[in-house]
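Trainee: Before I ask anything, let me first share the structure, which is written out below as C-alpha cells.
Protein chains: 2
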Amino acid sequence: MLTKTPRGSSGKNHLLERGVMLWRCIADDFEQMIMIGKHDNGARLPAESEIATKYGVNRHTVRRAMAELAARGLVYTERGSGTYVKTDKLDYPIGQRTRFSEIVAAAGHEAEGRLQGHRLEPANEEVAQRLGLNVGDSVVRLEIVRASDRVPISVATTWLSAERYNDAGKIYRQARSITRTLDHYGVTGYRRKWTRISAAFTDAVDAGRLRLSVHRPILVVESLDVTAGGEPILTTRGRFAADRIALIVES
Amino acid sequence: MLTKTPRGSSGKNHLLERGVMLWRCIADDFEQMIMIGKHDNGARLPAESEIATKYGVNRHTVRRAMAELAARGLVYTERGSGTYVKTDKLDYPIGQRTRFSEIVAAAGHEAEGRLQGHRLEPANEEVAQRLGLNVGDSVVRLEIVRASDRVPISVATTWLSAERYNDAGKIYRQARSITRTLDHYGVTGYRRKWTRISAAFTDAVDAGRLRLSVHRPILVVESLDVTAGGEPILTTRGRFAADRIALIVES
DNA sequence: CCAAGTTGTCTAGTAGAATAGACAAGTGGG
DNA sequence: CCCACTTGTCTATTCTACTAGACAACTTGG
Numbered sequence: 013m014l015t016k017t018p019r020g021s022s023g024k025n026h027l028l029e030r031g032v033m034l035w036r037c038i039a040d041d042f043e044q045m046i047m048i049g050k051h052d053n054g055a056r057l058p059a060e061s062e063i064a065t066k067y068g069v070n071r072h073t074v075r076r077a078m079a080e081l082a083a084r085g086l087v088y089t090e091r092g093s094g095t096y097v098k099t100d101k102l103d104y105p106i107g108q109r110t111r112f113s114e115i116v117a118a119a120g121h122e123a124e125g126r127l128q129g130h131r132l133e134p135a136n137e138e139v140a141q142r143l144g145l146n147v148g149d150s151v152v153r154l155e156i157v158r159a160s161d162r163v164p165i166s167v168a169t170t171w172l173s174a175e176r177y178n179d180a181g182k183i184y185r186q187a188r189s190i191t192r193t194l195d196h197y198g199v200t201g202y203r204r205k206w207t208r209i210s211a212a213f214t215d216a217v218d219a220g221r222l223r224l225s226v227h228r229p230i231l232v233v234e235s236l237d238v239t240a241g242g243e244p245i246l247t248t249r250g251r252f253a254a255d256r257i258a259l260i261v262e263s
Numbered sequence: 013m014l015t016k017t018p019r020g021s022s023g024k025n026h027l028l029e030r031g032v033m034l035w036r037c038i039a040d041d042f043e044q045m046i047m048i049g050k051h052d053n054g055a056r057l058p059a060e061s062e063i064a065t066k067y068g069v070n071r072h073t074v075r076r077a078m079a080e081l082a083a084r085g086l087v088y089t090e091r092g093s094g095t096y097v098k099t100d101k102l103d104y105p106i107g108q109r110t111r112f113s114e115i116v117a118a119a120g121h122e123a124e125g126r127l128q129g130h131r132l133e134p135a136n137e138e139v140a141q142r143l144g145l146n147v148g149d150s151v152v153r154l155e156i157v158r159a160s161d162r163v164p165i166s167v168a169t170t171w172l173s174a175e176r177y178n179d180a181g182k183i184y185r186q187a188r189s190i191t192r193t194l195d196h197y198g199v200t201g202y203r204r205k206w207t208r209i210s211a212a213f214t215d216a217v218d219a220g221r222l223r224l225s226v227h228r229p230i231l232v233v234e235s236l237d238v239t240a241g242g243e244p245i246l247t248t249r250g251r252f253a254a255d256r257i258a259l260i261v262e263s
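Protein chains in written order, with the working numbering: chain W, 13 to 263; chain Z, 13 to 263.
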C-alpha cells in the first residue's frame, strides 16, 4: 500500500544516522564519494529526481543535500543542465605580494572578506616579537573569514599595533580588504616578509566558519607583513581549507 | 527582549553542526568528554537542568541526549539521584566454552540475542574450508545482534552446514540462543576450536546495529566451534564494540 | 524550432525537534 | 520524618524536516 513512510523504520536508507538529518547524510555520502574519486572533476551528477528515487527520498531533500555540497564548494549547479563536480583547488601563490582579493580576482572568482569580530588585547610574546612591540602592548585583533565565490576559503586572525592602527576593525568593516584598510592609513606598498606553513585539523569553531566538518585538514599559514621600508605592520594566523586551495611557493 | 530564539542564529551553541540535531550534538559532546576521561567511571554528571542551562537549551533536549548516551551504554540514570558514567568494559573471556548468554549472565547482566536475518547461500572458500565442506555447498547464514542489558555488544555472522542445520534460522528465532538452537539438533557439548582476533572500524551498517558512530573501533572475532568429537559445526565472524567489551584470553 | 530533460520555485500537509511549564515519583542528608 | 533536589511523565505550542505535486524557467540535442 505504501501509505506511510515512517522514516526510521527500516528499508533502504542504510546511511541514516540517528539524530542526523536525511539531507545531511546524503550530502556526506556524496562528499565521501567525490573525495574518494568516484566522480571526476567536472563530471555531471545524476539528475536530482534520479538521486531521489535511488535514495528513496523526495526530490526536495536531494536539493537540500546539493545546496549543502555547493556551500561546501564541492559542486555547482546549472539550471536546466545539471549539477557538476568541482574538486579543482584554487592556486594560492605565496610571495612578496600576497593579497587575497587580487589572487582570487586573478583566478576569475569573486573575492569577499567578512570581519567576524575585532577587539583590543595585550600582545602575547609571539605577537610582540613579530611586530617589534613589548609583551602586553595593546594590539588590534581581527577575525576575518575570506571566501571565493561565496565559498569560505580561510579564517584568519590578524594582529596590528594598536598605537598606529587603533581603528583598524571599524575601517576594515567598511573597506572589506586589508589592502584598502592600510590605504586608509597611508600604507601602500606593504609586502610579505615571511610565511610559515603547517597543517592541522578543524576544531568546531573553524569548521563552522569554513563550512567544513570537524577533523578536516587545514593549512595553517602564519605570516608577517612589513612596509616597503621593512617596518612590521601586521602578523596573521590563517587557517585555509585544504580541500579548497593549494599554496604555491615559487623559488 | 529575547522573545524568540531562532536557533541557527548565533550565540552560545558553539557545537551546533548544520543538519545535526541539537540533542545529538550534546550527546556527542558528552561522549567525547567521557572518552577523553573528563568524567571518571561511576562519576555523577551534573543535573539535567544544570546541563540544560549550561548549553542554553531546554531540559527535554538534554534528556534526549542522555537517553542516547544510555543507549550507547556510556551512562545509566537513577531516578531521583542522577546520571552516572559507566565506562567499565564487559570482560569477555575467550576459551573452549565461549557462550555469550553464560558470560553475560555470569557478569550479572541480562543477555539478549536478536536474529536480524537468515538465508541459505553457497559456501565461499573460507567458510567451506572451515566447515569441511566443498565450495558452493549450501550453508545457513545467520546475522545476529547480541546485547547486554539492552546495550548492543556485537553483531555476528554465523555459518552452519545447511545439510544438517537447514532450519537453524527459524529455530534460533524461537530459541534466541545458539546453545539452545544446537540443543534442538541434539548437539550439546560443542566447544571453541580456534579464535582469530583482529581490529577494524565500523561501517555504516554495523554502526547502526551497534548504536555506534561510524569509524569507531571494533574487535573482529572469527572462530570455529566443533562437537565434542571434533566435527565442525559453525563458524562465525563477530564484530564487537571495542568501547564496551574487553576480550580475555587465558593461557 | 521543438521536445525531452533538468533545475528553480511555489503551495500544502504531516511528523518530529525543540521550547515551555507543571507535577508526580524517587533519593539522600540533616 | 521532612525538605531540597533529582529524574520521569504529561500537555501544549512553535518551528522545521520531509513528503507530495505542480508548474515555470532553462539547456541541450535532434
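Glycine included, each C-beta is placed from N, C-alpha and C at the ideal position.
In terms of residues, what are the limits of the alpha helix (DSSP H) holding G125(Z)?
Mentor: Here residue 125(Z) is taken as the residue at index 113 of the second sequence, counted from 1. Careful: G125(Z) lies outside any alpha helix (DSSP H), inside the beta strand (DSSP E) at A123 to P134.
Trainee: When we look at the beta-carbon of T200(Z) and count the other beta-carbons within 10 Å, is it buried (16 or more) or exposed?
Mentor: For the purposes of this step, residue 200(Z) is identified with residue 188 of the second sequence, where counting begins at 1. T200(Z) is exposed by the Cβ-count criterion.
Trainee: Applying a beta-carbon distance threshold of less than 9 Å, which residues of chain Z neighbour E80(W)?
Mentor: Numbered from 1 along the first sequence, position 68 holds the residue referred to as residue 80(W). The contacting residues are R30 and G31.
Trainee: Given that W35(Z) touches chain W, what residues does it touch there, using C-beta distances under 9 Å?
Mentor: Sequence index remark: in the second sequence, residue 35(Z) carries index 23 (1-based). Ordered by position in chain W, the residues that pass the 9 Å Cβ test against W35(Z) are G31.
Trainee: With C-beta atoms as the reference, is D257(W) less than 8 Å away from L86(W)?
Mentor: On the first sequence, position 245 is the one that residue 257(W) refers to. On the first sequence, position 74 is the one that residue 86(W) refers to. Contrary to the premise, residue 257(W) reads as Ile rather than Asp in this sequence. Not in contact: I257(W) and L86(W) (Cβ atoms no closer than 8 Å).
Trainee: Tell me whether the beta-carbon of A254(Z) lies closer than 8 Å to the beta-carbon of L236(Z).
Mentor: In the second sequence, counting from the first residue as 1, residue 254(Z) sits at position 242. In the second sequence, counting from the first residue as 1, residue 236(Z) sits at position 224. Not a contact, by the Cβ cut-off of 8 Å.
Trainee: Does the segment 33 to 53 of chain Z come into contact with the segment 129 to 143 of chain W, if we say contact requires no fewer than three beta-carbon pairs (one atom in each stretch) closer than 8 Å?
Mentor: No: the two stretches stay apart, fewer than three of their Cβ pairs being nearer than 8 Å.
Trainee: Which runs of the beta strand (DSSP E), 3 residues or longer, sit entirely within the segment 30 to 90 of chain W?
Mentor: 87 to 90
Trainee: For A55(W), which residues of its own chain have a beta-carbon under 8 Å away from its beta-carbon, when the five flanking residues on both sides are left out?
Mentor: Residue numbering aside, residue 55(W) sits at position 43 when the first sequence is read from its first letter. These residues qualify, in order along the chain: Y96 and V97.
Trainee: Can you tell which of N146(Z), G242(Z), R91(Z) and I183(Z) has the C-alpha that lies nearest to the C-alpha of R203(Z)?
Mentor: On the second sequence, residue 203(Z) is found 191 positions in, with the first residue counted as 1. Nearest option by C-alpha distance: G242(Z).
Trainee: Does the segment 208 to 215 of chain W come close enough to the segment 165 to 179 of chain W to have 3 or more Cβ pairs within less than 8 Å?
Mentor: no
Trainee: In terms of alpha-carbon separation, which member of I156(Z), K50(Z) and V74(Z) lies closest to T248(Z)?
Mentor: For the purposes of this step, residue 248(Z) is taken as residue 236 along the second sequence, with counting starting at 1. It is I156(Z) whose Cα lies nearest to the Cα of T248(Z).
Trainee: Let me know if D40(W) comes out buried or exposed under the rule of 16 or more other beta-carbons within 10 Å of its beta-carbon.
Mentor: Looking up residue 40(W) in the first sequence gives position 28. Under this definition D40(W) is a buried residue.
Trainee: Tell me which residue opens and which closes the alpha helix (DSSP H) that A212(Z) is part of.
Mentor: The residue you call residue 212(Z) lines up with position 200 of the second sequence. Taken as a continuous stretch (DSSP letters only), A212(Z) belongs to no alpha helix (DSSP H), being part of the beta strand (DSSP E) at R203 to F213.
Trainee: Check Y2(W) in the structure and name its three-state DSSP category.
Mentor: Given a span of 13 to 263 for chain W in the structure shown, any question on residue 2(W) remains unanswerable.
Trainee: What does the alpha-carbon distance come out to for the pair A187(Z) and T193(Z)?
Mentor: Residue 187(Z) sits at position 175 when you count from the first residue of the second sequence. Residue 193(Z) sits at position 181 when you count from the first residue of the second sequence. Distance between the alpha carbons of A187(Z) and T193(Z) is about 6 Å.
Trainee: Less than 8 Å between the C-beta atoms of I260(Z) and P105(Z), yes or no?
Mentor: Taking the second sequence and counting its residues from 1, one reaches residue 260(Z) at position 248. Taking the second sequence and counting its residues from 1, one reaches residue 105(Z) at position 93. A contact, by the Cβ cut-off of 8 Å.
Trainee: Which stretch, first to last residue, makes up the alpha helix (DSSP H) that contains G220(W)?
Mentor: On the first sequence, position 208 is the one that residue 220(W) refers to. G220(W) -> alpha helix (DSSP H) spans A216 to L222.
Trainee: Closer than 6 Å by C-beta to I63(W): which residues in its own chain qualify, once you throw out the five before and the five after it? Chain order, please.
Mentor: Counting from one through the first sequence, the residue named residue 63(W) turns up at place 51. V74.
Trainee: With burial defined as no fewer than 16 other Cβ atoms inside 10 Å of the residue's Cβ, what is the status of W206(W): buried or exposed?
Mentor: The count along the first sequence starts at 1 and reaches residue 206(W) at position 194. Around the beta carbon of W206(W), a 10 Å sphere encloses fewer than 16 other beta carbons of the protein chains shown; the residue is thus reported as exposed.
Trainee: Measuring straight from C-alpha to C-alpha, what distance separates V233(Z) and A123(W)?
Mentor: The count along the second sequence starts at 1 and reaches residue 233(Z) at position 221. The count along the first sequence starts at 1 and reaches residue 123(W) at position 111. So the two alpha carbons sit approximately 54 Å from each other.
Trainee: Can you tell me the Cα-Cα spacing of C37(W) and E80(W), whole angstroms?
Mentor: Here residue 37(W) is taken as the residue at index 25 of the first sequence, counted from 1. Here residue 80(W) is taken as the residue at index 68 of the first sequence, counted from 1. If you take the alpha carbons of C37(W) and E80(W), they lie about 11 Å apart.
Trainee: Would you mind working out which of Y184(Z), G198(Z) and L34(Z) sits nearest L127(Z), comparing C-alpha positions?
Mentor: Against the second sequence, residue 127(Z) aligns to sequence position 115. With respect to the C-alpha of L127(Z), the residue from Y184(Z), G198(Z) and L34(Z) having the closest C-alpha is Y184(Z).
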